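Chemist: Going by the working numbering, the first residue of the sequence shown is number 1296, and it counts up by one from there.
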Amino acid sequence: MTGGTKAVTDEAQTEKTEAEKTGTEKPAAEKVDKKISDARAWTYVVLGGLLEIVWASGFKYEEIPGLIVLVALLTSFDLIIRATKVLPVGTVYAVFAGMGTLGTTIVEMSLSGSVSAMRIAFILLLLACIVGLKLSSKGSDG
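Printed below as a string of structure tokens:
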């Protein structure tokens, strides 16, 4: 009987190992939600900000197809949501919105030709604020 019990135990262990290999059951150590690094989160914020420039500019310029605008919009928000899992939400949103505002204004100025010293000064001020927010959030758990 002991041999039969051992065979059943070995079979159960084999099934458990197979479940782990096929991914049908994950060990407790793998069930923990993996946290992205701060650097990757900031990369998401920058990419999200660049995509915001695309979709915001797409509202005015017909040259940007509607599908691209929609994909850029959804992707930018997905990236920002991922970044807020790690970084302070206020800082992420301020940098995201600031980048979008900065980039959209630069696109508008370059396409319309309406450039003034005051606009450039405020763009530089906005850029300084964005950099300041990013630098001030280092090491913050938010």
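The beta carbon of each residue, even a glycine, is placed where N, CA and C say it ideally should be. In this text the structure is predicted, and so the values were computed from the model without any measurement.
Considering only residues of the same chain and omitting the five flanking positions on each side of A1378, which have a CB-CB separation below 6 angstroms?
Modeler: So the qualifying residues of the chain are A1336, Y1339, V1340, V1387.
Chemist: With G1361 as the anchor, note down where its alpha helix (DSSP H) starts and where it stops.
Modeler: 1361-1378
Chemist: Determine the closest residue to S1332 out of G1398, T1400, V1426, V1381, with distance taken between C-alpha atoms.
Modeler: V1381
Chemist: Beta-carbon separation of L1369 and L1342 under 7 angstroms?
Modeler: no
Chemist: For K1429 and V1390, I'd like the C-alpha separation in whole angstroms.
Modeler: 7 angstroms
Chemist: Is the Cβ-Cβ distance between T1400 and S1352 less than 7 angstroms?
Modeler: no
Chemist: Could you name the residues of the same chain whose beta carbon sits closer than 8 angstroms to that of S1431, not counting the 5 residues immediately before and after it, in chain order?
Modeler: T1386
Chemist: What's the C-alpha gap between V1327 and I1418?
Modeler: Because the pLDDT at V1327 is just 42, under 50, the model does not fix this residue reliably, and the point stays unresolved.
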